[in-house]
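*Asks:*
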Amino acid sequence: MNIVIFGPPGAGKGTQSKFIVNKFNLYQLSTGDLLRNEIKNKTKLGSEISSIINSGELVSDEIVGDLIEKFVSNSNYKNQIIFDGYPRTLIQAKNLDDLLKKYKQKIDIVLKLSVSLETVKKRILERQTQEKRADDSEAIAIKRYKTYENSSEPVIDYYKQSNLVKVVNGEAAISEINSEISGIIDAMKG
Ligand code: AMP
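When you line the sequence shown up against my numbering, it's residues 113 to 302, in that order.
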């Protein structure tokens, strides 16, 4: 089973992905983590993308497309991927469909964590004190939320056309969200 976990910054995608990975034996593919690794390891790509990430904008569809192809093409992960933070644009969603088709796979569920801007701001400021991410200031958090509304929200309408979307209340407690997601995945597995 391949899952997309979707939602604004601070929605809890990473937290919930880690829970799903452990419970259902999946692999987390977080494009944000992959990109931050490039910056941390001071690669050529890292130096190209750091200012984009730190300003709250999206890196190009080509760059993230290359990163995910490396993962999707690896047969060790076949049909066991949770896409965390990808796709974030309509073009990425279409590219992902084509890529999965190429490797004889598909998306089974899109989990949408819905949270308000107020909650996003609160959570990101909390995370700032722990993870010290350069893009977690309040101003950049607001920018990232706007980027989400403008570029990423249309992706949900795209997946709704194929009836793949399950909306989860991302404002609930972490454990409640865990159980709701487990229920959805269990039902899907049948
Ligand atoms: P995240 O850790 O998912 O919040 O991502 C952090 C930042 O990495 C985003 O604000 C973007 O700048 C960049 N990023 C992560 N995933 C993508 C993606 N699928 N497309 C474009 N940019 C991305």
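Beta carbons: idealized from backbone N, C-alpha and C, even for Gly.
Note that the structure is predicted; figures quoted are calculated from it, not measured.
In angstroms, rounded to a whole number, what distance separates the CA positions of L229 and Q240?
*Replies:* Approximately 16 Å, taken between the alpha carbons.
*Asks:* Tell me whether the beta-carbon of D196 lies closer than 8 Å to the beta-carbon of Q242.
*Replies:* Contact: no.
*Asks:* Measuring alpha carbon to alpha carbon, tell me which residue in L211, M113, F118 is nearest S263.
*Replies:* When only C-alpha atoms are compared, the closest one is F118.
*Asks:* Need the endpoints of the alpha helix (DSSP H) that K301 sits in, please.
*Replies:* Note, K301: alpha helix (DSSP H), 286 to 301.
*Asks:* Is DSSP giving K213 helix, strand or coil here?
*Replies:* Reduced to three states, the DSSP call for K213 is helix.
*Asks:* Is the segment 248 to 260 touching the segment 114 to 131 in the sense that three or more CB pairs, one from each, lie closer than 8 Å?
*Replies:* Yes, they touch.
*Asks:* Report yes if the CB atom of F131 is closer than 8 Å to the CB atom of N281, and no otherwise.
*Replies:* No; because the gap between Cβ atoms is not below 8 Å, this pair is not in contact.
*Asks:* Helix, strand or coil: how does DSSP classify D196 here?
*Replies:* It is a strand residue.
*Asks:* Would you check whether ligand 1 has a heavy atom nearer than 7 Å to the C-beta of E92?
*Replies:* Given that the chain is displayed from residue 113 to residue 302, the structure contains no residue 92 and the question cannot be resolved.
*Asks:* With hydrogens ignored, establish whether the beta-carbon of V176 is closer than 7 Å to any heavy atom of ligand 1.
*Replies:* V176 Cβ: within cutoff of ligand 1.
*Asks:* Relative to the alpha-carbon of R235, which residue among Q273, K154, N153, E283 has its alpha-carbon at the smallest distance?
*Replies:* Out of Q273, K154, N153, E283, E283 has the C-alpha closest to the C-alpha of R235.
*Asks:* Kindly list the residues whose CB is nearer than 8 Å to the CB of I115, restricted to its own chain and excluding five residues on each side of it in sequence; keep chain order.
*Replies:* Answer for I115: I132, L138, I193, I194, F195, I219, D220, I221, V222, L223, I297, listed in chain order.
*Asks:* Hey, could you find the ends of the alpha helix (DSSP H) I219 is sitting in?
*Replies:* Element bounds for I219: n/a, residue is neither H nor E.
*Asks:* Is the beta carbon of S142 closer than 8 Å to that of S162?
*Replies:* Result no, Cβ atoms of S162 and S142 do not sit closer than 8 Å.
*Asks:* For P266 and S159, what's the separation of their Cα atoms in angstroms?
*Replies:* Near 29 Å, if we compare the C-alpha coordinates of S159 and P266.
*Asks:* Tell me where the beta strand (DSSP E) around Q240 begins and ends.
*Replies:* Where Q240 is concerned, there is no enclosing beta strand (DSSP E), although the alpha helix (DSSP H) it sits in stretches over 229 to 243.
*Asks:* Does DSSP put Q128 in a helix, in a strand, or in coil?
*Replies:* Three-state DSSP puts Q128 in a helix.
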